[in-house]
Structures are given as C-alpha cells and as structure tokens.
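Take a look at the structure set out below.
Residue numbers (the working numbering): 808 to 927.
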C-alpha cells in the first residue's frame, strides 16, 4: 500500500515532508476512529500521541504505546514548527519517522483485518 508517497520522493527540505507525514498520520488515526470505533467520532486534536491514545481506547487496536509516544511527539512538534517557520531538527524527524513507520504498518494491518472481519 503506497500510503506515504512523499517518503520515496527526493525532497531537500524536510519541513514539507514532516508536515505531510504528520497530516497523513493524523488523518489515518481519524479515519480509524471514524470507521472502527463504536461512535465513529474523534477529537479535534492534532497531537499524534493523543490520537493514538484515542484509537487504543476506542477501538480493538492494541500496541505498545510507549514505543511510539516520543516519536509521535517529535513529529507533532516538527509540524507545528513548520507552520510557524521555525528551524526543524531534520535528523530527529527522520529517526521518528523510522519508528512511526512500524506503527503505521500495525495500523494498516489493523485497518485491513477489521475490514475483512466486518465483511464476513
């Protein structure tokens, strides 16, 4: 599944990539909350670690949240810094993406497996 097209693009400015990655994760969390939770709703938060908490609390998705909290926070802060044109720590962002890509794979598996169960 090619959910993150910009990760394969050659972009010299990591701020655009950071903002895109944060938006992609935020929308995917909200998609899961809308389609997999009992009430189909989500908060207005842009903080990825808070959205992960919501997904775990409101759906059947389970993971070791502590593995991802710091990386999600770095990506959230990076995107906020992009919005205000601050200097971004590209190396820290890239390390966080490597960690969060594992979470993204877990979320994709969860999304696909629960769709199959719903069709049965």
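Backbone N, C-alpha and C define an ideal beta-carbon position, used for all residues, glycine too. Keep in mind that this is a model prediction, so the values were computed, not measured.
Whole-angstrom distance between residue 865 and residue 846, CA atom to CA atom
Here residue 846 corresponds to residue number 39 of the chain shown, with the count starting at 1. Here residue 865 corresponds to residue number 58 of the chain shown, with the count starting at 1. Computed Cα separation, rounded: 9 Å.
Among 878, 852 and 921, which has the Cα closest to the Cα of residue 897?
One-based indexing of the chain shown puts residue 897 at position 90. Per the Cα distances, 878.
Given a cut-off of 7 Å, decide if residue 883 and residue 854 are closer than it, judged by their beta-carbon atoms.
By 1-based counting over the chain shown, the position of residue 854 is 47. By 1-based counting over the chain shown, the position of residue 883 is 76. Cβ distance < 7 Å, so residue 854 and residue 883 count as in contact.
Do residue 889 and residue 821 have their C-beta atoms within less than 7 Å of each other?
Translated into the one-based positions of the chain shown, residue 889 becomes position 82. Translated into the one-based positions of the chain shown, residue 821 becomes position 14. In this structure, the beta-carbon distance from residue 889 to residue 821 does not fall below 7 Å.
Where does the unbroken alpha helix (DSSP H) through residue 858 begin, and where does it stop?
Locating residue 858 in the chain shown gives position 51, counting from the first residue. Unbroken alpha helix (DSSP H) run through residue 858: 855-865.
In three-state DSSP terms, what is residue 901?
Residue mapping note: residue 901 aligns to position 94 of the chain shown, counting from 1. Collapsing the DSSP output to three states places residue 901 in a helix.
Quick check on DSSP: helix, strand or coil for residue 910?
Your numbering for residue 910 matches position 103 in the chain shown. The answer is helix: DSSP assigns residue 910 an H, G or I state.
Go ahead and pull the three-state DSSP assignment for residue 933.
No statement about residue 933 is possible, as the shown extent of the chain runs from 808 to 927 and does not include it.
Between the C-alpha atoms of residue 919 and residue 850, what's the straight-line distance to the nearest angstrom?
On the chain shown, residue 919 is found 112 positions in, with the first residue counted as 1. On the chain shown, residue 850 is found 43 positions in, with the first residue counted as 1. The straight-line gap from Cα to Cα measures roughly 23 Å.
Going straight from the alpha carbon of residue 833 to that of residue 873, what length do you get?
The residue you call residue 833 lines up with position 26 of the chain shown. The residue you call residue 873 lines up with position 66 of the chain shown. Cα to Cα, residue 833 sits roughly 18 Å from residue 873.
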